[in-house]
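Engineer: One structure, pasted below without further comment.
8 protein chains.
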Amino acid sequence: MRPERVRAVLESIRSRRMTIAGALSLLKQMPFEDRGFAKIDHHRHLRRGIPEAIYAAGKTPAQVAELFVRQARAGLAIATRVSPAHVRAVKRRFPRARHFATARMLASSLTAPGALRGTVCVVAAGTSDLPVAEEAAVTASLLGNPVTRVTDVGVAGLHRLMAHRSSLLAARVVIVVAGMEGALPSVVGGIVAAPIVAVPTSVGYGASYGGLAALLAMLNSCAAGIGVVNIDNGFGAGCLAHLINGPR
Amino acid sequence: MRPERVRAVLESIRSRRMTIAGALSLLKQMPFEDRGFAKIDHHRHLRRGIPEAIYAAGKTPAQVAELFVRQARAGLAIATRVSPAHVRAVKRRFPRARHFATARMLASSLTAPGALRGTVCVVAAGTSDLPVAEEAAVTASLLGNPVTRVTDVGVAGLHRLMAHRSSLLAARVVIVVAGMEGALPSVVGGIVAAPIVAVPTSVGYGASYGGLAALLAMLNSCAAGIGVVNIDNGFGAGCLAHLINGPR
Amino acid sequence: MRPERVRAVLESIRSRRMTIAGALSLLKQMPFEDRGFAKIDHHRHLRRGIPEAIYAAGKTPAQVAELFVRQARAGLAIATRVSPAHVRAVKRRFPRARHFATARMLASSLTAPGALRGTVCVVAAGTSDLPVAEEAAVTASLLGNPVTRVTDVGVAGLHRLMAHRSSLLAARVVIVVAGMEGALPSVVGGIVAAPIVAVPTSVGYGASYGGLAALLAMLNSCAAGIGVVNIDNGFGAGCLAHLINGPR
Amino acid sequence: MRPERVRAVLESIRSRRMTIAGALSLLKQMPFEDRGFAKIDHHRHLRRGIPEAIYAAGKTPAQVAELFVRQARAGLAIATRVSPAHVRAVKRRFPRARHFATARMLASSLTAPGALRGTVCVVAAGTSDLPVAEEAAVTASLLGNPVTRVTDVGVAGLHRLMAHRSSLLAARVVIVVAGMEGALPSVVGGIVAAPIVAVPTSVGYGASYGGLAALLAMLNSCAAGIGVVNIDNGFGAGCLAHLINGPR
Amino acid sequence: MRPERVRAVLESIRSRRMTIAGALSLLKQMPFEDRGFAKIDHHRHLRRGIPEAIYAAGKTPAQVAELFVRQARAGLAIATRVSPAHVRAVKRRFPRARHFATARMLASSLTAPGALRGTVCVVAAGTSDLPVAEEAAVTASLLGNPVTRVTDVGVAGLHRLMAHRSSLLAARVVIVVAGMEGALPSVVGGIVAAPIVAVPTSVGYGASYGGLAALLAMLNSCAAGIGVVNIDNGFGAGCLAHLINGPR
Amino acid sequence: MRPERVRAVLESIRSRRMTIAGALSLLKQMPFEDRGFAKIDHHRHLRRGIPEAIYAAGKTPAQVAELFVRQARAGLAIATRVSPAHVRAVKRRFPRARHFATARMLASSLTAPGALRGTVCVVAAGTSDLPVAEEAAVTASLLGNPVTRVTDVGVAGLHRLMAHRSSLLAARVVIVVAGMEGALPSVVGGIVAAPIVAVPTSVGYGASYGGLAALLAMLNSCAAGIGVVNIDNGFGAGCLAHLINGPR
Amino acid sequence: MRPERVRAVLESIRSRRMTIAGALSLLKQMPFEDRGFAKIDHHRHLRRGIPEAIYAAGKTPAQVAELFVRQARAGLAIATRVSPAHVRAVKRRFPRARHFATARMLASSLTAPGALRGTVCVVAAGTSDLPVAEEAAVTASLLGNPVTRVTDVGVAGLHRLMAHRSSLLAARVVIVVAGMEGALPSVVGGIVAAPIVAVPTSVGYGASYGGLAALLAMLNSCAAGIGVVNIDNGFGAGCLAHLINGPR
Amino acid sequence: MRPERVRAVLESIRSRRMTIAGALSLLKQMPFEDRGFAKIDHHRHLRRGIPEAIYAAGKTPAQVAELFVRQARAGLAIATRVSPAHVRAVKRRFPRARHFATARMLASSLTAPGALRGTVCVVAAGTSDLPVAEEAAVTASLLGNPVTRVTDVGVAGLHRLMAHRSSLLAARVVIVVAGMEGALPSVVGGIVAAPIVAVPTSVGYGASYGGLAALLAMLNSCAAGIGVVNIDNGFGAGCLAHLINGPR
């Protein structure tokens, strides 16, 4: 309900420029978004601070650039899965767009980490998982969360993981990104007390079935406190970690 | 590293009853759990406050009762998927065990909700989803979280969901439990700012494939901020919500 | 939006018993269902005339009887997949409930077919498909549609199908129920001009995979004008045929 | 049975130029299509008014152009999934062919909407679903149905959908096109009384499995009155909507 | 087209008791089965000699007995997947019915093998595959084919298979029945020149997925000349072997 | 067992140039193929007359040409799935190789159909199925079988199929090639008495899953007497039909 | 090739009681198993020392007892997946049969571990995996391998695993048994140098899909040196470990 | 636990420069890798002698070259799935790198086979399986194992396999590589006493589902003593064979 519009109607009634029947009819015919929903939605966006990301894969450079500029005007613009051609097209129209190469992302501005929020720790099993891990890390960072990174810590070399124990234990949320057998979230879940966002990746071949093996492993983890997102969905993991981290 | 044991060694060194080489050798031979790992683990349990649940399905009443009594001695015992026979066997050995009929759970005691924690709101799409939803709600409650419930609010009757908007908006975490097409988390994700724990259930028939349809729908949700747990895993959802809710 | 409530507010403004700010705040806090949604829903039920069916499988006889009586009070009660125990429990509390044995259904009353509506023709491939076909036929009939039946007309004996050509050609909607290879809708789609509702059944064994083979075949039909419902979902097919048949 | 051929035989009998045994033998040997089947088929095409569409994907431009010209001579020619090369090849041989760019379709002529038919409303969840939605809308339009469009109305932003409530409620048939979690048909099914044709799209990644997630969700919808077509099958949805809309 | 009916019409024309237009109209309205189709069907049954089998699984003893008696009157009755209760029910009504215990079949009579036909050799990989193998052997035998059996010849003990080389080489058709890895048809295909009917069985556990592993292996056989039937479909294999064996 | 080698040993014994122990040891150490197996194999090839086909897809033009020339020296060479580059490379080294364009095959010579064999009828559902159908037809023809073709006879236009009834009824074996819903073998199985070789094709999109829908439909056919080969395996179907057709 | 038979032939040649042509023909007609294959097979059994196990599931107690007695006469008899009824039936006929309750196995005798062989270490993730783990351990033990056991060491509590490091490091082969997410082999593979036999179990629910999740995880393990056997196949794992352990 | 560090602490206690509480706290905070884990890991690598392979597919030539040079400095560098571009990039920076063309591998040096180890026999079913088979053979060879090769021995031509019986019987480990129906490991398992490493390949089309058919067949093998690795995972098979072969 856009207050100004309703207020105008109410004032017309008060000043008797409008009958009650007429006002009633007017209120009923107002498009739905004028009746409270849009506001909830607006409120939600304000509180969540999560803009809709532009998923660049499958869109032309021109389309992505157009959407990027439009969203940048309204606030923070984020594009994911960008190719070099997408980057060039966006930079031409929005020169100060920031490009995150490994994460394959573009953003209209760099949000400063909020001073009082907890830390998001992003853990990646292997080097091939880095693009998805970076997508998660950059997303969480753009949304205002301090981010730490722990990389190349597969379950078959646990000592590498254990060396980063302090980073893991210090985090308010841990994002774990892994392909192949997807076992890392279970192991991390045995170390940290924080909630874990698990991201299966399509890294692997043969019976990895494009990330299905990792996805199923994560859903069946014997460790409690793990929420799973879609295969390769680094952006979604970053958003979920942001919401878990909470508004302070 | 059990402090008392290490302290004893260190004191022997100080009092010169033991050589440094002897102490070094002793420390090396101590079983692994004496060297820090167990403590982490203990610390983790203390902070998480999540006991290992006894998954009763497939276990005999005697086995469940035995495990229950043992865990109850160490702290909070929780059993899930209990049949009436399990309940009788446990109550015989542990009469003050509390039975949650719809949730199909047993607990050794009822934790009082922590005064300062946020609320966990559990939303169930249909009446057939109630056992899983109650498993989530009872788990979150036993772990000390205030819990509200919103039930029978399928996506094909959104007005029923909207009537509970205030409960949804007040929650720090929302658990959404749904079978069949699993669309409810997406819709709730368009309303609330809180992170969502989505629980697909095996409710449905034919092409629901035992919850696969709901699971895939939840993983592919167009709403950001949703973490998915295994099919019918109400206990896991309750634990994850507890960890998201945070230590205060 | 319940007009009387809004009208009261507007009148209070007019009579200056309420400030505009107060009215605005009041309107915002009105529960959602007071703002038009519930009414839409009511209107929808009135027009569709489709009550929510009680899916009896997995519910206790007592639960089904309770739900049945409650719905029967509000209008037409329909229960599907009823066992003999369900039937006894319902009949004890609602003696005039009508039992359709092959369709495994119970209904609180028998709707007379609407004089001016088109005919729904229900075609079943084999005798094992009859329970699902009858569920569709009884549902369509209870919702007020004249129903004809064509049974045991598998694609490997087309002459049996062709003998019922006139029934097929006379229908406004044709429901085709088939398991195994699910080829019948394609063949019927080559004969009739009416839209076809295809219902795969779980009839078959081995590589029928509980109806998957029939489901995929129907989705891939080379005949245009076929809408598919879930495996064994006779009730859904009856409802869809009813809506296609239209309000006259 | 081609009447003129049979009439000739009958007249030969009457005029005794042919014996009864000879006529009987002749009638038996007539090819099958001369005995009524072809006519049914013809009649079906006349009533349905659905030409066979040329599925251009996988065919060469020359093949598509040849088929297009041949069908255009017999009546309405429709080609789907056309590439720019297909368009050029067809336009060279049939210059007045009409190209629908978003729908990726070519048609030999533009059918004027029939004055007395109901409206087909095509709803698309996201911008990536537009090609399939347009294929459905253009198909329905070419077959003579008035078409309205509601686009970019995902379930996570319901207010956008509700703003188009009047278009939805006015339709005789609603086609709902959605990828990812495929939840939109369920939500629309809670609003409208009209039958719904649900079209899953291959939009998505990871666990969307090329549209499988959306397909399963639609088949399991808790809303009654939904018929599902194959993934990305906009043409089939348009045809089914046309047949549902009925002959007037 | 039933000749006598058409002849009557033709004679009425000749005798001018009927106009040509009237005759034409009459011929058009004759039900389809009067126009040749039924005859084809009859002819097919006569030539194929394959009665429709009664699939007893999921049918009540009374239903099976009723269908059995009806078919026995018309010729050979065959029931497959019969339980002891089915056997008792059929024998009560049709005492001379013959029961094949391992094959889980009932037949109304025992066809004597045709003197001049080739031999069908049925090969079974393991003892658990015997019920399906016997279903195939009994079916082929009942349809008049001389049958030889080679059993318990898994691929991991080829010498057992080779000992039966002469039986294999003498057959006109070889039916190979195997579960688990389903490799036997490939090996037999390297020995015999005859066409092979491969029957995957649901024997196995874990990743055999109810016969899927064997089915896929048989479809992918590197040996040419193998036709596959449905999992556990011994009856179908027997029928196919009969048709391959040919009419002499 | 190569007779000449064994004969030499035996003669050495007779002439006492070799001891019995020495001969025994020599016979034991002879490579396996010298002991009967190779001969069986040779015999099999002679009787079957099926050369191993060169599957060109995934091989370089040079590799295919090399294999082709080598096989052509030994008898009939057949290459399947050839690209234009394969054709050029083979023709350069073997100019009289015959290219079958639609079938995507190359053969070293054209076998004249055997006068006394039955006919193989190849039926294709749609024009997109023609490459696979031609692969089957050309294979059967090269192996010496008279072949007839029936094309473009989908199940949604049965009159087109019925027009070719005489070709179907005259065949000793019928190969049915179909993609999408794969229903055609069931329908043909209701018409002909001959055994049917069913070939699912990968024609289709969405839920056809690359031929899986057609494959499952064919395996679940309600018509008896159908053997299924791998998806798109026209060559295998031609071989099987050849073996069914028999040695005369 | 049974030496005595061939020797007789050779002696007949030498003594000229038989012509060379006659001997040649005789040798050709000898059944295959007389020509070396059976011997290989026998030799294989002797060396492997692996009897064929009786898979009791799905067999009657009488069948199992019969097979058990027959195998026990020939050497070691082993039955797997035995129910209490199987145990009773076997013990009645073979009283000294040894029953391993957790492993659900019966054996005719207890093989003493070979003094000089390496150790097989069997690791089980959870208590529900114990039956399969015991099947592996008992099998390896019966075949003569010293066996150690490490149980209840899930990946989410690594300290429990690390406490058994010395057992793990001392083994020549490690069998790792795990259900749910199947991550344990990867973790063990990061600790030990020995080859690992991984056994997925069907322990789990929902998206574990009867052990599929664990199976895929094990096949995709990032640790090298892991061989996977079928789901729940403890017997196969024990045999493979025995063969890896080697003959000394 | 790095002894020098702990020794320093202990000495400080002895000399009373440090309190016991202080020492305790210091020991607790030491990073994990200082407490034994890293050392185990190092030991493991030394004993296993298996370097981490660089999986080149999906990496740029520059990335592969960089990783290769870095690993070559530390010992043996191995890269798998290399394209010609990868080869050129590595050779430019590391000219003496050895390229194995069929195996698609690069190695920094050629390990001489260990004199006293057993032989690894690599068996490939068809020529298309050679790249994977060579990857296995080259890997085993680089790790110091004598390797023999048996190629082109499909199950439909067993005599070819039997001709290599002596190679098979002489091996300490047999690696069997096969696509399509994946039956070869079962057959080899009936001949040899050695443990078998089975490698399914993605060779095939249609219902081979990229190697799934072969994978399932191998997991379900009726022959005991088979461990399966991931589809196309020749490197993993070589490593497992190396570990089975053992340290001598």
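Residue numbers (this note's numbering), protein chains in the order written: chain E, 66 to 313; chain D, 66 to 313; chain C, 66 to 313; chain U, 66 to 313; chain B, 66 to 313; chain S, 66 to 313; chain G, 66 to 313; chain P, 66 to 313. Ideal placement from N, C-alpha and C gives every residue a C-beta, glycine not left out.
(1) Express the C-alpha separation of A279/S and D194/P in angstroms, rounding to a whole number.
(2) Would you list, in chain order, the members of the segment 268-282 of chain E that have their beta-carbon closer than 7 Å to a beta-carbon of chain P?
(3) With H, G and I counted as helix, E and B as strand and the rest as coil, what does DSSP make of P160/P?
(4) Can you name, in chain order, every residue of its own chain whose Cβ lies under 7 Å from the Cβ of T266/C, other than the five neighbours on each side?
(5) Report the option in V268/B, Y270/B, G292/B and G255/B whose CA atom is closest to the CA atom of V262/B.
(6) State buried or exposed for L75/D, treating a residue as buried only when at least 16 other CB atoms are found within 10 Å of its CB.
(7) Could you check which residue in V152/E, V212/E and R161/E has the C-alpha nearest to that of T125/E?
(8) Classify H224/C: buried if its beta carbon has 16 or more other beta carbons within 10 angstroms, exposed otherwise.
(9) Within 9 Å (strictly less), CB to CB, does E76/E reach chain C?
(10) Please classify T204/P as buried or exposed, where buried requires at least 16 neighbouring CB atoms within 10 angstroms.
(11) Following the continuous alpha helix (DSSP H) through R138/D, name the residue where it begins and the one where it ends.
(12) So that I know if they touch, is there some Cβ in chain P lying closer than 9 Å to that of D297/E?
(13) Output yes if chain G places a C-beta closer than 9 Å to the C-beta of L111/S; else output no.
(14) Using the rule of at least 16 other Cβ atoms within 10 Å of the residue's Cβ for burial, across every protein chain shown, is S80/D buried or exposed?
(15) List, in chain order, every chain P residue whose beta-carbon is nearer than 7 Å to that of P260/G.
(16) So who's on the other strand from I115/D, going by DSSP bridges?
(17) With a threshold of 9 Å between beta carbons, is F159/C in contact with chain U?
(18) Put G247/G into one of helix, strand or coil per three-state DSSP.
(19) Under a Cβ-count criterion, where at least 16 other Cβ atoms within 10 Å of its own Cβ denotes burial, should T167/E be classed as buried or exposed?
(20) Please list the partners that G123/E has in chain U, where partner means a Cβ-to-Cβ separation under 8 Å.
(21) Are any of the Cβ atoms in chain D nearer than 9 Å to that of A142/E?
(22) Could you check the C-alpha separation between R230/C and V294/G for me, to the nearest Å?
(23) Kindly indicate which three-state DSSP category I291/S falls into: helix, strand or coil?
(24) In angstroms with no decimal places, state the Cα-to-Cα distance between K156/S and G255/C.
(25) Can you give me the C-alpha to C-alpha distance between P260/S and S286/C, rounded to a whole angstrom?
(26) For Y120/S and R146/S, what's the separation of their Cα atoms in angstroms?
Structural biologist: From the atom records:
(1) 28 Å
(2) Here the close residues are Y270, G271 and A272.
(3) coil
(4) D194, V197, V242, A243, G244, G276, A279, I296 and D297
(5) G292/B
(6) buried
(7) V152/E
(8) buried
(9) yes
(10) buried
(11) P126 to A139
(12) no
(13) Because L111/S carries a pLDDT of 46, less than 50, the predicted location of this residue cannot be relied on, and no value is offered for it.
(14) exposed
(15) L305, L308 and I309
(16) DSSP lists no partner for I115/D.
(17) No - not a single Cβ of chain U is within 9 Å of the one on F159/C.
(18) coil
(19) With fewer than 16 Cβ atoms within 10 Å of its Cβ, T167/E is classed as exposed.
(20) S193
(21) False, the Cβ-Cβ gap to chain D never drops below 9 Å.
(22) So the two alpha carbons sit approximately 56 Å from each other.
(23) strand
(24) 46 Å
(25) 25 Å
(26) CA-CA distance, Y120/S to R146/S, rounds to 6 Å.
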